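Student:
Residue numbers (our numbering): 149 to 249.
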């Protein structure tokens with residue numbers, strides 16, 4: 149671990165050594181096996197969110213594709229340079245704010 153990571157881990161372990169109901173800490177990772185055992189000992193609840201199935205992936209692709217491109221864009225010849233994923237999300241929210249609800 150880097151010096152910064154060790155420092156952050158030590159601060160976390162120090163501040164979570166006593167039970168408290170005054171704050172909520174949410175940890176998220178794509179690599180749960182990398183979480184230190186001392187951290188896991190202090191976690192009360194674990195919620196695993198699995199990868200989306202094929203149907204959900206298709207819906208996500210359609211959602212972002214529609215946000216990135218208009219019918220006038222030529223996406224079949226590799227000439228279109230679309231927005232970043234953050235810009236696509238901003239466009240999606242403006243166009244279809246309840247699409248994921």
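Here a beta-carbon is modelled for each residue, glycine too, at the ideal position from N, C-alpha and C.
Given the structure is predicted, the values throughout are model-derived calculations rather than measurements.
Does the pairing of the region 200-220 with the region 173-188 give three or more beta-carbon distances under 8 angstroms?
Tutor: no
Student: Whose C-alpha, out of 180, 156, 165, 155, is nearest the C-alpha of residue 194?
Tutor: In the chain shown, residue 194 corresponds to position 46, counting from 1. The residue with the shortest Cα to Cα distance from residue 194 is 180.
Student: Where do the N-terminal and C-terminal ends of the alpha helix (DSSP H) with residue 169 fall, by residue?
Tutor: Residue mapping note: residue 169 aligns to position 21 of the chain shown, counting from 1. Note, residue 169: premise wrong, no alpha helix (DSSP H); not H, not E.
Student: Measuring only the C-alpha atoms, how far is residue 209 from residue 201?
Tutor: The residue labelled residue 209 in the question sits at position 61 within the chain shown. The residue labelled residue 201 in the question sits at position 53 within the chain shown. Approximately 12 angstroms between the Cα atoms of the pair.
Student: Excluding the 5 residues preceding and the 5 following residue 156 in the sequence, name in chain order all residues of the same chain whose CB lies nearer than 7 angstroms to its CB.
Tutor: As a first step, residue 156 must be located in the chain shown, where it is residue number 8. Contacts found: none.
Student: Can you grab the Cα-Cα spacing for the pair residue 238 / residue 206, in whole Å?
Tutor: As a first step, residue 238 is located in the chain shown; it is residue number 90 there, counting from the start. As a first step, residue 206 is located in the chain shown; it is residue number 58 there, counting from the start. So the two alpha carbons sit approximately 20 angstroms from each other.
Student: Could you have a look at residue 238 and say whether DSSP puts it in helix, strand or coil?
Tutor: Residue 238 sits at position 90 when you count from the first residue of the chain shown. Residue state for residue 238 is assigned as helix, using DSSP reduced to three classes.
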